[in-house]
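The structure appears right after this line, and notes come after that.
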Amino acid sequence: RERTDYTGKYAPAVIVCQKKSAGSETSADGASYEVMQIDVEVEEPSDLPATQLVTWQVEYPGEITSDLGVSKIYVSPKDLIGVVPLAMEAEILNTAILTGKTVAVPVKVVSVEDDGTVTELVESVECRSSDEDVIKVSDRCDYVFVNGKEMKGKVNVMVNFTYQHLSSPLEMTVWVPRLPLQIEVSDTELNQ
């Protein structure tokens, strides 16, 4: 319900929740439970920034009040259900350890809407490698790479991509040469 005693531009909403029964669910291990989900509709989304902050507080019976909490709400005219990172290759051979030249694989990140529409995302994508000793990701999240400073290779190393509240991992395999590298040539003059 909306508070009527508030005179500011935006009136706070009050949501009242009550436990169904005293013994239905107990949390002996201190785990938290989802109490509710709230759908928010924006009246004029065209001029709003993509992120809105919502301040909230829990009031318990007996006038015990929690600290203020702040949460992000992502505002979008689209009904996004997922993001998918797409790489041109699933494997990288780290020859940069030998040559010093960066080896890169382009990545495109797309969003998927509930009606099946797929759109390439070029801004506001965040990304992070799960192990930078194996693989790195560019600041713009448009390619993954190795530059020769990596310590090891790995099968199924993860690079995580996030857009608004959605995230998805990209699995890559990075192969590295075993050092010291020994090369044998059949030509006796070259094989010295």
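If you want the working numbering, it's the 1-based position in the sequence shown plus 184. Positions of the beta carbon are idealized from the N, C-alpha and C atoms, including for glycine. Predicted, not measured: the structure shown is a model, and the values here were computed from it.
Asked	Found
Using C-beta distances below 6 Å, list every residue in its chain close to VAL254, excluding the 5 sequence neighbours before and after it, in chain order.	LEU237, THR239
Sort THR346, VAL259, MET220 by Cα distance to VAL242 and report the nearest one.	MET220
Answer yes or no: do VAL343 and ASN278 have a C-beta to C-beta separation smaller than 7 Å?	no
Does the region 263-283 come close enough to the region 341-358 that 3 or more CB-CB pairs lie under 8 Å?	yes
If I measure Cβ to Cβ from GLU273 and keep anything under 7 Å in the same chain, skipping five residues before and after, which residues do I get?	VAL289
Under 6 Å from any heavy atom of the ligand ZN, does the C-beta of PRO364 make it?	Absent from the structure shown: the ligand ZN. Ligands present: none.
Quick one: residues in its chain with C-beta nearer than 8 Å to the C-beta of TYR327, no 5 flanking neighbours on either side, listed in chain order?	ALA288, VAL289, PRO290, VAL291, VAL321
As a quick exercise: from PRO245, SER295, GLY246, TYR258, pick the residue whose alpha carbon is nearest that of ASP223.	TYR258
Closest to GLU310 by CA distance: which of ARG324, GLU316, ILE319 is it?	ARG324
Starting from ALA271, trace the beta strand (DSSP E) in both directions and tell me its first and last residue.	264-271
When you compare only the Cα positions, how much space is there between ILE319 and THR301?	31 Å
Buried or exposed for PRO269, going by 16 or more other Cβ atoms inside 10 Å?	buried
Nearest CA to the CA of ALA280: which residue from PHE329, GLU368, THR372, PRO245?	PHE329
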